[in-house]
Amino acid sequence: MATLQNKGIGVFLVSGGFRLMIEPIAEDVGIPLVNIYANTIFFDDDGNYSGFDDAELTSRDGGKAKAIEV
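For the sequence shown, this note's numbering puts the final residue at 1180, and the numbers step up evenly by one.
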């Protein structure tokens, strides 16, 4: 990835997983957070799972391909 980035080529991470889990890994390998396409998970005030952002491209069938087109 560093070789691509040194040449000015953007590196992106596209996943059907959750940002909460993916962002720390992306940071570790040098992928800017703005270059991540993944799902946002929601929790209620008690910390219980309450859903996910279905507006994210990666939350839908064919969403990864659509994210790549962006």
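Cβ atoms here follow ideal geometry from the backbone N, Cα and C, with glycine treated the same way.
Delimiting residues of the beta strand (DSSP E) encompassing VAL1124: 1123-1128
ask   = Which of the three DSSP states, helix, strand or coil, is assigned to ASN1149?
value = strand
Name the DSSP bridge partner or partners of GLY1161? PHE1152
| request: Could you tell me the distance, in whole angstroms, from the CA atom of VAL1121 to the CA atom of TYR1159? | output: 30 Å
In chain order, what residues of the same chain lie with their CB nearer than 6 Å to the CB of GLY1173, ignoring the 5 residues before and after it? LEU1167
Residues in its own chain within less than 8 Å of ASN1145 by CB, not counting five upstream and five downstream? GLY1120, VAL1121, PHE1122, LEU1123, ALA1136
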